[in-house]
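To keep things clear, I will list the structure first and then write my remarks on it.
Residue numbers (full-length UniProt numbering), protein chains in the order written: chain A, 1 to 334; chain B, 1 to 334.
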């Protein structure tokens, strides 16, 4: 594909991820020649303010989408399942949903790890947000020390449920502060002043799909089908950055300093690990930042010199979604 | 000690834990004959509304405190260090601070586990909140299946920093909703819309004292000086219940159902584990509740049939502090 003046289509441009996709393309000077925003009949015809100017939303059709060079899908898995293969007959499709992530014939890409796969594909899956954020932190450690076991507990922001999720959190906080009832329509329970250990649907093994995505997708992205990964995924009342507490057991001996040395130069990672200066990964700093913050690196008390304990924070809408998708597009034309 | 008409003293009665101590004694019909609230010169003479009626706060003196049968300390470790041993010459002292928790000659008690130690002591330490909440959930599993490794990640509420912490959270949320600056005086950073992976001071090994307390205190309470426990302690923007994501490896094989059967009848535990009905431990339900909620019980994907993954939620001010202290007092006169 030519790297200049691409015709880019965005489906779901007014959602939280779609808005960030357009921002990220602009900020990274992605070679957009023409930008088409697609929507269903309900939204077609509306105008949207973007960094590329005011855009009128076009009615989606497979035929028109196929005419683009690249189409980002920031919509539901059901939509993606139905239309992505057809659009991919004409355009490179980068799908943010989970619909194709585990399909053997569809690459699942975190560009810092397996971006080379982006050049050959017509349909590429963008990983789960929690997985992508953990993966950029864990991959350099895996290459250097070999990961044997990975235990993850997440602190996931409302943005994982899109703009409606963020709105419901803010409304719930306002209600809660006034002592009024906190409504729950987007989330299964009130999120304000609460934590909800339930994201996506429950599986037969007692894990949620969100938790299993971290296992399944990390294995695929790393090319390690047997990597031992287990996760507890928890929604907390923050707005748009996911944090994760991670314990790893490693094949090779590792010290916190050796891990820091590896992470200090790792792509997509910002090492934030100066506890004496009160510096560690936190949502207030990681929000609207491209890099995933990694810190609190210490020898795990159980695995000793073959284990690490660490904390990461990454913007769910950026590395967890829009940024990674645009990086995939960049990798496809690199 | 006679079990009737005890003279009870509370030092720190106007703090978040002190207030709950008085509520819990009243609600559990603890045999209070006389209640004396002690404070420093700054607060002495003030009147306080309690379930026992309006009380005038007395100026603290060791001599007066010694005249009580039982004295609860809900103040700083520094105060406890200086005065607790002297008060204990006359009264049974139950200290909520960390000052004496690891002293060999001072029992550290979670009554469901080692309440028998309460009868012999003159000075008893009340454990760290996170530890107490995890301990009631883990002890029944330890007895039944033998815990080999325990991995904990916490979701700790603002109440761990007392009423000032809860106030700062509410003020921060109100400011944040208005787009104004969020102040941080109680916490090291703004807590509203954020998570802070830092509670108590950092140790040389990179863990915080809060994290090490979970290791040290669990070992002492369980009487297992070598139990492998590791923790990441994280402050999140909730008000008064701590949640914890826990992975354990067990000596004996265990199924989720076997674990549920054990926990269903365990003292201090409320089994809340019906994902299909969207029932799992959450702060909105565990707040102001005596029992620690335990749920999301499943086979850990890494340790297989010798491992469990679970989620707990317990009120930090109750089982994590005031309730456990009153239960210790109950055990001392049982």
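Backbone N, C-alpha and C define an ideal beta-carbon position, used for all residues, glycine too.
Since the structure is predicted, the reported quantities are computational estimates derived from the model, not experimental observations.
Query, Result
"Cβ-based contacts, 8 Å cut-off: residues of the region 269-284 of chain B near chain A", "275, 276, 278, 280, 281, 282, 283 and 284"
"Residues of the region 143-162 of chain B whose Cβ lies closer than 7 Å to any Cβ of chain A, in chain order", "149, 151, 153 and 155"
"Alpha-carbon to alpha-carbon, residue 23 (chain B) and residue 96 (chain A)", "51 Å"
"Rounded distance between the beta-carbons of residue 245 (chain A) and residue 230 (chain B), thought under 8 Å", "That belief does not hold up - the Cβ atoms of residue 230 (chain B) and residue 245 (chain A) are roughly 11 Å apart, past 8 Å."
"Proximity winner among A:188, A:168 and A:192, relative to residue 179 (chain A) (alpha-carbon distances)", "A:192"
"Residues in the region 169-195 of chain B having any Cβ partner in chain A nearer than 7 Å", "170, 173, 174, 177, 188, 189, 190, 193, 194 and 195"
"Residue 61 (chain B) (DSSP reduced to helix, strand or coil)", "coil"
"Chain-order list of residues whose beta-carbon lies under 6 Å from that of residue 219 (chain B) (same chain, five-residue window excluded)", "225 and 227"
"Same chain, Cβ closer than 7 Å to residue 108 (chain A), neighbours up to 5 away in sequence not counted", "101, 125, 127, 217, 220 and 221"
"Beta-carbon neighbours of residue 167 (chain B), restricted to chain A and to distances below 8 Å", "Going along chain A, no residue has its Cβ under 8 Å from residue 167 (chain B), so there is no contact; the nearest lies around 12 Å."
"Chain E contact for residue 79 (chain A) (CB, 8 Å cutoff)", "Although the question refers to chain E, the structure presented lacks it and instead comprises the protein chains A and B."
"Contact under 8 Å by Cβ, residue 91 (chain A) with residue 70 (chain A)", "yes"
"Three-state secondary structure assigned by DSSP to residue 82 (chain B)", "helix"
"Residues in the region 100-131 of chain B having any Cβ partner in chain A nearer than 7 Å", "none"
"Exposed unless 16 or more other CB atoms sit within 10 angstroms - verdict on residue 211 (chain B)", "buried"
"Under 7 Å from the C-beta of residue 309 (chain A): neighbouring residues of chain B", "230 and 232"
"Those residues which DSSP pairs with residue 295 (chain A) across a bridge", "A:311"
"Burial state of residue 265 (chain A) (16 or more Cβ within 10 Å)", "exposed"
"Top-ranked residue by Cα proximity to residue 160 (chain B), from B:328, B:177, B:123 and B:318", "B:318"
"Distance, residue 137 (chain B) Cα to residue 270 (chain B) Cα", "9 Å"
"Burial state of residue 89 (chain A), where buried means 16 or more other Cβ atoms lie within 10 Å", "exposed"
"Option in B:79, B:312 and B:19 with minimal Cα separation from residue 133 (chain B)", "B:312"
"The ligand MN heavy atom lying under 7 Å from the CB of residue 301 (chain B)", "In terms of ligand content, the structure shown is empty, and the ligand MN therefore cannot be addressed."
"Bridge partner(s) assigned by DSSP for residue 6 (chain B)", "B:32"
"Members of the region 290-319 of chain B near chain A, C-beta cut-off 9 Å", "295, 296, 297, 298, 299, 300, 301, 302, 303, 307, 309, 310, 311 and 313"
"Ranges of the alpha helix (DSSP H) found wholly within the region 109-188 of chain B, counting only runs of at least 4", "111-114, 129-145 and 162-177"
"The beta strand (DSSP E) enclosing residue 26 (chain A), as first and last residue numbers", "Here residue 26 (chain A) belongs to no beta strand (DSSP E); instead the alpha helix (DSSP H) covers 16-27."
"Residue-chain proximity (residue 225 (chain A), chain B), Cβ-Cβ < 8 Å", "no"
"Proximal residues, the region 200-223 of chain A versus chain B, C-beta separation under 7 Å", "202, 205, 206, 207 and 215"
"Residue closest to residue 257 (chain B), alpha-carbon to alpha-carbon, out of A:205, A:199 and A:235", "A:205"
"Alpha-carbon spacing of residue 31 (chain A) relative to residue 47 (chain A), whole angstroms", "23 Å"
"Test: residue 86 (chain B) CB closer than 8 Å to a CB of chain A", "no"
"Integer Cβ distance of residue 94 (chain B) from residue 328 (chain B), believed to fall under 8 Å", "5 Å"
"CB contact below 8 Å: residue 56 (chain A) versus chain B", "no"
"Limits of the unbroken beta strand (DSSP E) element including residue 49 (chain A)", "47-50"
"Chain A contact for residue 237 (chain B) (CB, 8 Å cutoff)", "yes"
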